[in-house]
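Asks: The structure follows.
Residue numbers (the UniProt record's numbering): 1 to 269.
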């Protein structure tokens with residue numbers, strides 16, 4: 001199956017840099033046993049391909065049990081909206097460490113930073129990942145996050161997408177259309193810690209994409225005669241999120257986007 005890519009992320013200079021975090025607390029066994037609070041923080045909500053991801057984990061252990069293990073994972077979530085519908089969750093990268101552990105009962109302020117690599121080159125043996133590029137003909141990378149319109153909701157994914165792409169992702173409809181066709185790719189980072197025989201999970205969605213071209217601040221001038229002007233870059237033309245940005249088509253057909261720009265080939269593994 002060949003997938004065409006229609007949209008890109010904002011330029012590197014316009015990328016939002018605000019941190020996003022989510023915290024969760026859990027009572028291991030009973031109310032008298034106390035609580036454990038784990039907070040996971042990302043330095044930014046949007047990452048470009050071949051960038052390392054820094055994830056900070058903070059734990060406050062106000063329970064009678066020790067936190068014996070911490071694990072941080074990146075997952076790719078692929079939703080199929082075609083003849084058959086389904087949702088697949090594939091592991092991209094995982095870091096598990098016992099450094100500075102266990103977090104003993106009553107210990108608060110424990111922090112540790114984990115570095116993950118959402119790169120396909122480092123995890124080529126993993127199966128079920130959606131990719132951009134054909135493995136036999138070009139260097140493949142992980143599929144970019146899908147940008148699509150959503151009805152106003154309070155979910156973390158919608159808030160993150162709205163902060164990055166603005167009002168273009170707003171949808172006037174109350175529900176998603178049932179006739180939607182395509183493949184939706186999203187990513188999330190999950191932090192997990194083990195307390196006794198139980199565990200605590202925290203998840204944060206993030207976006208993985210390509211940057212579009214930097215905006216030019218130079219005043220345009222008339223091109224000199226007898227010199228052919230260069231064509232505008234494709235990334236400038238296609239930086240406008242649409243309802244579905246990953247659409248399956250026939251691999252043997254020539255397809256162009258609405259702007260008349262031949263899109264990049266992407267594939268799945």
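Here a beta-carbon is modelled for each residue, glycine too, at the ideal position from N, C-alpha and C.
(1) Can you give, in chain order, each stretch of the beta strand (DSSP E) that sits fully within the region 71-146 and has at least 3 residues?
(2) Do you know how far the Cα of residue 68 is from the Cα of residue 194?
(3) Where residue 77 and residue 109 are concerned, what is the direct C-alpha to C-alpha distance, given to the nearest angstrom?
(4) Can you tell me where the beta strand (DSSP E) with residue 40 in it begins and where it stops?
(5) With C-beta atoms as the reference, is residue 190 less than 7 Å away from residue 203?
(6) Quick check: residue 48 and residue 211, are their CB atoms within less than 7 Å of each other?
(7) I'd like the span of the beta strand (DSSP E) that includes residue 192, first residue to last.
(8) Quick check on residue 65: does DSSP put it in helix, strand or coil?
(9) Out of 85, 81, 127, 43, which has the shortest C-alpha to C-alpha gap to residue 52?
(10) Is the region 87-101 touching the region 57-75, taking contact as three or more C-beta pairs under 8 Å?
(11) I need the straight-line Cα distance from residue 97 to residue 73, nearest angstrom please.
(12) So what's residue 52 in DSSP terms, helix, strand or just coil?
(13) To the nearest angstrom, report how far apart residue 201 and residue 84 are at their CA atoms.
(14) For a test of the three-state rule: what should DSSP assign to residue 45, helix, strand or coil?
Replies: In short:
(1) Taking only runs of at least 3 residues, the beta strand (DSSP E) segments lying wholly in the region 71-146 are 85-97, 110-116.
(2) C-alpha separation (whole angstroms): 6 Å.
(3) About 32 Å.
(4) Start and end: 34-42.
(5) Closer than 7 Å, so yes.
(6) Closer than 7 Å, so yes.
(7) Here the beta strand (DSSP E) through residue 192 covers 182-195.
(8) Residue 65: coil per DSSP, three-state reduction.
(9) Put simply, of 85, 81, 127, 43 the residue whose alpha carbon is nearest the alpha carbon of residue 52 is 43.
(10) The region 87-101 vs the region 57-75: in contact.
(11) Between residue 97 and residue 73, the alpha-carbon positions lie close to 12 Å from each other.
(12) Looking at residue 52 - three-state DSSP - the assignment turns out to be coil, as it is neither helix nor strand.
(13) Whole-angstrom Cα-Cα distance: 30 Å.
(14) Annotated three-state conformation of residue 45 is coil, per DSSP.
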